[in-house]
Amino acid sequence: DDASRLETGVWWDLNTCPVPAGVDPLCVRRCIETALEKKIGRASAVSIYAMGNLEYICSYFLEQISYSEIILIHAPCSVMELYGFLEEWSTSMITTEGSKGYTMLISDDFRIADPCLFQLFPGFTNFCAYPKDGRPLPLAEQRDPIVLANEFVWETLLFDNYAYTGDMTVREPLYICNVCNTYYEIFDEFFTHLKSEEHRTQAQEEDCKSRKRSPQLDLVGQRNKMQSLERGKQ
């Protein structure tokens, strides 16, 4: 049916947008789904990827959110990994006949919550959420309202839709270490891996500071270029 053809990909930056006190981690998925359904006008199939440096986040919290079928991804250089995830997801939407794609980024990192990142993947309806104590600067600077269909304050999104969560069904989790390119279905095995010598060695080899910067990820440079072009037209 039509609802099954509506696909929404959500990328949640755990390091800058944690779950506030008073919110059950198991209910985050339903809060996001409800908020999106209100804006889209009908339900969509929502895939949520919670990413960031997971090594220093409470293991209980991580395990709880994963039980609502939120995929956990250890990606300490999240802006670099995010580009690859978005590219893969957008390609799958384009090749799926009849699909209509939506994207949502939840972050207070200006490199992630940047309209230029959305513009690299045209053809999707885009949403963004950020914490109440700070709207990322690139969003404040954007001049094209078409880039983002709606912005949410993270805490408001959760508390305004908390009453709609009801009973949550525990689902099969999935855990990914993007540093080592490994996948797990059991949380204890995943968390043990993050503390292992093998992982630490690989993390040192893949250290963010030593990685070559992709020109496609130079979002600040792209934004400045776009603004310069706009000024030249005035």
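Just so you know, the sequence shown maps onto residues 1 to 234 in UniProt numbering. Glycine included, each C-beta is placed from N, C-alpha and C at the ideal position. What you are looking at is a predicted structure, and each value in this text was computed from that prediction instead of being measured.
As for any alpha helix (DSSP H) of minimum length 4 sitting wholly inside the stretch 24 to 105, the runs are 28 to 40, 59 to 66 and 78 to 94, ordered along the chain. Assigned with DSSP and collapsed to three states, aspartate 109 falls in coil, not helix or strand. Closest in alpha carbon position to serine 68, among Ser47, Met93, Leu82 and Met51, is Ser47.
For leucine 174 and tyrosine 184, the gap between their C-alpha atoms comes out near 6 Å.
Non-local beta-carbon contacts of valine 179 in its own chain, meaning distances under 6 Å to residues more than five positions away in sequence, involve Gln202, Ala203 and Glu206 in chain order.
DSSP places cysteine 116 inside the alpha helix (DSSP H), whose first and last residues are 115 to 119. Separation of cysteine 177 and isoleucine 186 (C-alpha to C-alpha, rounded to the nearest whole angstrom) is 13 Å. For phenylalanine 191, the enclosing alpha helix (DSSP H) starts and ends at 187 to 194. A distance below 9 Å separates the beta carbons of valine 10 and threonine 103.
Across the structure, threonine 34 and leucine 158 are spaced so that their CA atoms are roughly 10 Å apart. Boundaries of the alpha helix (DSSP H) around leucine 158: 154 to 160.
In the three-state scheme derived from DSSP, where H, G and I count as helix and E and B as strand, threonine 201 is classed as helix. The C-beta distance from threonine 8 to leucine 36 rounds to 6 Å, short enough to meet the 8 Å contact threshold.
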